[in-house]
Amino acid sequence: GNELPEIREYVDEEVQRDAKPPLYGIAEDKNVIFISLESLQSFVINNEVNGEEITPFLNSLTNDESTYYFENFYHQTEQGKTSDSEFLVENSLYPLSRGAVFFTHGQNEYHGLSEILGEAGYFSSVFHANNKSFWNRDQMYGSLGVDQFYGEEAYEVNVDNSVGWGLKDKPYFEQSIKYLQSMEEPYYSKFITLTNHFPFGLSEEDSSIDKYDSNSSTLNNFFPTVRYMDEAVEQFFDQLKASGLYEDSVIVLMGDHYGISENHNKAMSQYLDKDEITPYDHVQLQRVPMFVHIPGHEDGEVISKVTGQIDVKPTLLNLLGVPAENDIFFGNDMFAQDRKGYIALRNGDFVSDDYISTSSICYNRETGEPVESEVDSEERTAENTAASAANQNNNPCEPIQQKVEQELELSDTIIYGDLFRFADFPGTSAPAEDNE
Ligand code: GP9
Ligand code: MN
216 GNELPEIREY VDEEVQRDAK PPLYGIAEDK NVIFISLESL QSFVINNEVN GEEITPFLNS
276 LTNDESTYYF ENFYHQTEQG KTSDSEFLVE NSLYPLSRGA VFFTHGQNEY HGLSEILGEA
336 GYFSSVFHAN NKSFWNRDQM YGSLGVDQFY GEEAYEVNVD NSVGWGLKDK PYFEQSIKYL
396 QSMEEPYYSK FITLTNHFPF GLSEEDSSID KYDSNSSTLN NFFPTVRYMD EAVEQFFDQL
456 KASGLYEDSV IVLMGDHYGI SENHNKAMSQ YLDKDEITPY DHVQLQRVPM FVHIPGHEDG
516 EVISKVTGQI DVKPTLLNLL GVPAENDIFF GNDMFAQDRK GYIALRNGDF VSDDYISTSS
576 ICYNRETGEP VESEVDSEER TAENTAASAA NQNNNPCEPI QQKVEQELEL SDTIIYGDLF
636 RFADFPGTSA PAEDNE
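What follows is the structure, given as structure tokens:
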């Protein structure tokens, strides 16, 4: 049967929507330049390696007056990596728990950001100097309503300007500017960087800082490539300014997913100066940087509330003042007061204002201590064992856990059933197209 009415009901009830959140329409008619930062995790921000800043430019943005920096923003990707992060941003739906939804459901009907902005008069494009069919992007971008995809062949790529996966980020941004300059406004353009990709290879010449020293060459190599990406982004900002593209744009920068997997926990604990990486620490390492930079707007701050990639679509639509009242999505505006209060990770873990749930343990988000251990086990008598069993039933993570599971399931139902074939979205900027 068609589960859409049930899903709409859930979304209306559970995914609060502030009709006019604080920054509604602040970036109306501005271009959107979205920069997807490959494998960037928040632990490098305002941090050092060998006594040197890792990301001086991004660090400067964290206290820039025109920038909102979200310091507790989580990636929610799974096996589809970058493509999962793109899926989250475009749709505010969850990617799948296995495989890459870009491959498995690339021909579904969607109601993505590109399509909605297209209906509002925007020209949407993606810039990524890799083979167009990687992650099935060429097909999926069509389904998402992307107007133009500048892939590898839009760039001049040679042995001198490449490393690892292809064109290095600095020449990539440099060569992209000319396309932006001739683009009709307003536009929504996404830039996907590549140099900071596993295994993080970089020449000495391009390395401004030294590698780290641990048993993990992956972690060791990560820092110089992160710095290279930071420099590439700074250079891009300068080029946007020099070519007059900066003032009329809102620039969003977001880490796509983790770069350092749990296989490197030993080296990571050494770097972070911790005895071990606990399941709680592991979840906290899933934070990725998120910046919203609005030139000319001088009210920026560091925002600590718990947010995630699922929230990007409603946030951007609100900033641009594009209505999407009847759209179906699972995120909240990141600036709104009324929010669901939790971020679901794709494996069913979650982060709420008060708790982090992972590996069947409910942690206090603030202290990182398991909530259960608040009862001292040595003092347990028969009586308070019963009490602590009752306590378990009162596990404060439990009610949120149930919502997380329900929400992930409803999102999956939309994707598996290709349910947006049957949806129309009155009240968004234009009616959905008829089913073909
Ligand atoms: C490939 C690039 C990296 O085009 O987006 O992909 P990833 O391995 O990070 O998903
Ligand atoms: Mn990636």
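Numbering (UniProt numbering), first residue to last: 216 to 651.
Backbone N, C-alpha and C define an ideal beta-carbon position, used for all residues, glycine too.
Three-state secondary structure (DSSP) at residue i?
i	result
GLN322	coil
SER429	coil
PRO237	coil
SER626	helix
LEU634	helix
SER519	coil
THR282	strand
VAL341	strand
GLU293	coil
LYS347	coil
ARG502	strand
TYR402	strand
SER329	helix
residue 655	Because the chain is modelled from 216 through 651, residue 655 falls outside the range shown and cannot be assessed.
GLU243	coil
What are the start and end residues of the alpha helix (DSSP H) that includes residue i?
i	result
VAL226	219-229
SER575	Where SER575 is concerned, there is no enclosing alpha helix (DSSP H), given that its DSSP letter is neither H nor E.
LEU487	480-487
GLN363	Where GLN363 is concerned, there is no enclosing alpha helix (DSSP H), although the beta strand (DSSP E) it sits in stretches over 363-365.
PHE388	384-396
GLN354	352-359
Going by DSSP, what residue range makes up the beta strand (DSSP E) through residue i?
i	result
HIS508	505-508
GLY470	464-470
PHE315	At residue 315 the sequence reads Ala, which differs from the Phe that was named. Taken as a continuous stretch (DSSP letters only), ALA315 belongs to no beta strand (DSSP E), as it is neither H nor E.
ASN246	246-252
VAL566	565-567
TYR557	557-559
How should residue i be labelled, buried or exposed, when 16 other C-beta atoms within 10 angstroms of its C-beta is the threshold for buried?
i	result
PRO310	buried
THR573	buried
THR582	exposed
ASN637	Note that residue 637 is Phe in the sequence shown here, rather than Asn. By the neighbour-count rule (16 or more Cβ atoms within 10 Å), PHE637 is not buried but exposed.
GLU399	exposed
ASP633	exposed
PHE401	Note that residue 401 corresponds to Pro in the displayed sequence, not to Phe. With 16 or more Cβ atoms within 10 Å of its Cβ, PRO401 is classed as buried.
LYS245	buried
ALA605	Caution applies to ALA605, whose pLDDT of 49 falls short of 50 and renders its modelled position unreliable; the value that the coordinates give is listed next. Exposed, because fewer than 16 other Cβ atoms sit within 10 Å of the Cβ of ALA605.
Consider the C-beta atom of residue i and the heavy atoms of the ligand PLP; say whether any pair is separated by less than 7 Å.
i	result
THR440	Annotation note on the ligand PLP: not contained in the displayed structure, which lists the ligand GP9 and the ligand MN as its ligands.
By Cβ distance below 6 Å, which residues in the same chain neighbour residue i in space, the five residues on each side in sequence not counted?
i	result
PRO641	ASN541
PRO585	ILE576 and TYR578
Less than 8 Å between CB atoms is the rule here; does residue i satisfy it with respect to chain D?
i	result
VAL566	Within the model displayed, chain D is absent; a lone protein chain is all it includes.
Cutting at 7 Å between CB atoms, please list the residues of its own chain near residue i, excluding the five before and the five after it.
i	result
HIS412	GLU253, SER254, GLY379 and TRP380
ASP445	THR270, PRO271, PHE272 and LEU273
The segment 465-479 / the segment 519-537 touching (three or more Cβ pairs under 8 Å): yes
Three or more beta-carbon pairs under 8 Å between the segment 499-519 and the segment 226-233, yes or no? no
Would you check if there are 3 or more beta carbon pairs closer than 8 Å linking the segment 520-530 to the segment 287-304? yes
Say whether the segment 272-279 touches the segment 421-440, bearing in mind that this needs 3 or more beta-carbon pairs closer than 8 Å, one atom from each stretch. no
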